[in-house]
Amino acid sequence: MAKTKNKYDEFLKTTYEAVGGKENFGEIYHCVTRLRFKILDKTKVNEAKILEQKKQGLVKGINWLGNELQVIIGMEVSKVFDAFNNYLETLQTKPTTSGEIGEFKVEKIQGQEHLSITNKLLNMIKGFVMPMIPAVIGLGIIVSIQAILALAKVIPSIQQMAIMDIQGQVIVANSFLQQKAEWLAQGGHNITFIIGILFYIGGTGAMSFLGILILFNGFKYLKLNPTFGAVLGFMLCAPSLILQGWNIQLVNVLDGWFKIKMGPVMGSIFVLIPAAFLFKYIKIGVDKVVPNLLNNLFAGAIALFITTVVVFIGLAPVIGIFENILGRAVNLLSEIPYGLGVMFYSLSWQFLVITGAHMTLVMLVMGPWLADSTAGMTIAIPMLMGAQIAAFGQMGAGLGIAVRTKDRMLKKQSIEAAIPCAFGVTEPMMFGVTLIRFKTLIFGCIGAGIGGLFFGIMKIPYFSQGGLGILAVMNTITGTLAGDANGGVADILWTLVTFAMAAGSACLITAFLFGQDGRVQTKQKMKKLTNLASKYITLNNNQNLNVESFKAELAEIEKIQNDREHIKLQQIYLKNDIKYNNFVAKLDKSEIKLDKLKEVNKSQKAITTLENKIQILKTKIAECEKQAKLQYENIVKINEQTINLINKTFENQNYDETLKDLKNNYTNIINEVYKGEYQQPILEEVSLIPILKEEKAKLKIKTA
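In structure tokens, the structure reads:
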């Protein structure tokens, strides 16, 4: 326990300082694997300081999405988030947003106006939706259990009741009494029917109220009274409107592509988010008209009433037109023949996760579900299974590395990272194992594509309830949908086969093509860095810089490091380091075992055998250390020669600060080959990619 506490303590202090302290971040929140900061000034963030913590194993990497800094932690992220908030309290400091840690006020984020429209929309959607994700996951699990029990005929599949049809004729369809009579006639029991009702209330029925949660959180996000948000949610999403059959279709032409209807909003974020803004501005207008003496009594009620009327007769029908078109378009993508739609979704998913743009795609594909919080239990969108299939592809790639590598630490890391993949969480595998060995990331995506193709060909349905990863097998069935559209036992089994195909094919491809341990990546990394530096020089257009001379010096640096004999010596050095680490790991394990044998008074023969094994391991470790010293002496001369040339190249007074600081990037590439006692500290690097983006933006402004 103490070790964990110390690990968190170091992370909290280092990360707090690295993000620029309390003055430089607004919202703090987390998703499944990432701790997310809304940064006010990106130039004050010390990325290198955060990345240094990768050595302790807690930080897996970082990612930027606009002004949002994502620190990739893994499955511990919720604990780290709680610890970070506690740390802030001990400092008696809070983010410069509001009285509550973790809340976020848009107007205090500097640079918000420079964000793209997509990022602004994503920030807004996250403010409305993300706080309720744990509750939604919980409801989904309840609905999944309900679906399994209904499929096994343990409980009845409770359907929603209707009292009046769209013509206004009074009927009673699917009443609980009718469903109870049918269940008992089939041999069911009163108790199991009551259990079915409870599952319906706690799962499917509760889904009808998600609009209330969305507006409650949205009103907090907009700094409005969240109680008004909840009341507006009840008014717009009232299930009684459905029971009374108030869902009037006004227009239906162009083969269903153009529809206009009036009815309850349910959980449509496309309607609820504009409704929140509408209330905000209506309330401002009402406040100006209603006298202060009566404001508290009447202003809120008037604003709620006006907002509800405008939403029902105007906003919802208009937005419903676009929701219908979006739903039809997504359906066309899902129906791309031969399973290609699901295949492409599965294949590309991890690349979208890396960029942080995956949520945008999910929002688009989930359009039919977002338009109605209960639609996810009646409308299947098979493409969405692609994210789960992709997780098994990365799992397979990691296991392929574990099969191939002789590096015990890498093997252990790959196997440990494979476990979260089984539950749909790929960040530990991606940022800890496959991304830094980019080919293996590709192999995992190929495996996902194979699995996605099979899933699409089999035409397996995918509903919204259920879980992630292996638990997503429950998403193929629903306890609220009867008939051929619902999945069944066969679909559950085919889904398991899909996961096995994705993981198995990725594992086999990786095991065959992963390559040898101890490969030196200096050549590739330098080439990439030199290309970026050349682009920067071209865009920067420094008149005092001899471009051709500079490029020639960079080429000379590359040439020295690309010497085949030098690369071979470095590979021998790295392979020796792997052997050394493996022997050390075996020695640690053997010494622990020896202590246990002595504690339980095992036979002297067993103790002596283990002591002899330990002595042999110590001899091998000593030999590895001797070889490491010799091999280090073989490679250090050329590396020092290269670093001297790097320093000489970047000391030119005509270079700007960015180019001068770039020498750290080159030096780190050289020094990263050193291991153990010869390991060099990581120097603070220049991040050229965002600088290039800024230079391109400046160039556009000049030419405009």
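If you read the sequence shown in UniProt numbering, its first letter stands for residue 1, the second for the next number, and so on.
Ideal placement from N, C-alpha and C gives every residue a C-beta, glycine not left out.
Where residue i sits in the DSSP three-state scheme
| i | result |
| --- | --- |
| V71 | strand |
| G20 | coil |
| M458 | coil |
| K105 | Interpretation of K105 is limited by its pLDDT of 36, a score under 50 that renders its predicted location unreliable; no figure is taken from the coordinates. |
| N581 | helix |
| L532 | helix |
| I691 | helix |
| H189 | coil |
| R564 | helix |
| P521 | A quick correction: the sequence has Gln, not Pro, at residue 521. Coil at Q521, not helix or strand. |
| V265 | coil |
| T307 | helix |
| N296 | helix |
| Y8 | helix |
| L39 | It should be noted that the sequence gives Ile, not Leu, for residue 39. I39: strand per DSSP, three-state reduction. |
| R34 | strand |
| K54 | helix |
| G488 | coil |
| N252 | strand |
| W64 | strand |
| I646 | helix |
| F423 | coil |
Buried/exposed call for residue i, threshold 16 Cβ in 10 Å
| i | result |
| --- | --- |
| F322 | exposed |
| V19 | buried |
| Q524 | exposed |
| Q146 | buried |
| N324 | buried |
| G488 | exposed |
| G479 | Low per-residue confidence applies at G479: pLDDT is 49, beneath 50, and the placement is therefore not dependable enough to give any value. |
| E599 | exposed |
Distance CB(residue i)-CB(residue j) smaller than 8 Å
| i | j | result |
| --- | --- | --- |
| I537 | L545 | yes |
| A472 | M395 | no |
| I460 | T476 | yes |
| V383 | G451 | Per the sequence shown, residue 383 should be read as Met rather than Val. Going by C-beta atoms, M383 is not nearer than 8 Å to G451. |
| D661 | V686 | yes |
| L236 | A275 | yes |
| L688 | L539 | no |
| M385 | V342 | yes |
Of the residues the options, the one placed nearest residue i, counting alpha carbons only
| i | options | result |
| --- | --- | --- |
| Q521 | L304, K223, V673 and G229 | V673 |
| F227 | K288, A301, N190 and L177 | The sequence shown places Thr at residue 227, not Phe. Ranking the options by Cα distance to T227, first place goes to A301. |
| K79 | F392, K259, F25 and D9 | D9 |
| Y87 | K13, S346, M132 and I28 | K13 |
| M458 | I446, L496 and G469 | L496 |
| L513 | C445, I557, K620 and I401 | I401 |
| I381 | A448, T308, S464 and I389 | S464 |
| A628 | M124, Y678 and L224 | Y678 |
| T619 | K586, F305 and N644 | K586 |
| P337 | L453, Y16 and E611 | L453 |
| M429 | V59, T15, Y573 and E27 | V59 |
| I670 | A697, L645, N639 and K696 | N639 |
| I560 | E591, D577, V286 and M526 | M526 |
| I643 | A622, A552, L659 and N665 | N665 |
| F209 | I197, G233, K223 and H189 | G233 |
| S505 | F258, L51 and A448 | A448 |
Straight-line Cα distance separating residue j from residue i
| i | j | result |
| --- | --- | --- |
| H30 | T510 | 32 Å |
| A422 | D255 | 42 Å |
| Q110 | K44 | With a pLDDT of only 39 at Q110, under the threshold of 50, the placement of this residue in the model should not be trusted; the figure read from the coordinates follows. Those two C-alpha atoms are separated by around 13 Å. |
| K49 | W64 | 15 Å |
| K626 | I614 | 18 Å |
| N46 | V129 | 30 Å |
| P690 | S534 | 15 Å |
| C445 | T378 | 30 Å |
| I273 | L69 | 25 Å |
| A697 | K42 | 17 Å |
| L184 | Y200 | 18 Å |
| N634 | A622 | 19 Å |
| E651 | E558 | 18 Å |
| K153 | V311 | 41 Å |
| F550 | T667 | 17 Å |
Min CB distance residue i to chain D below 8 Å
| i | result |
| --- | --- |
| I401 | In the structure shown, chain D cannot be found, because there is only a single protein chain. |
Any non-hydrogen atom of the ligand COA closer than 7 Å to residue i Cβ
| i | result |
| --- | --- |
| T43 | The ligand COA is absent from the structure shown, which contains no ligand whatsoever. |
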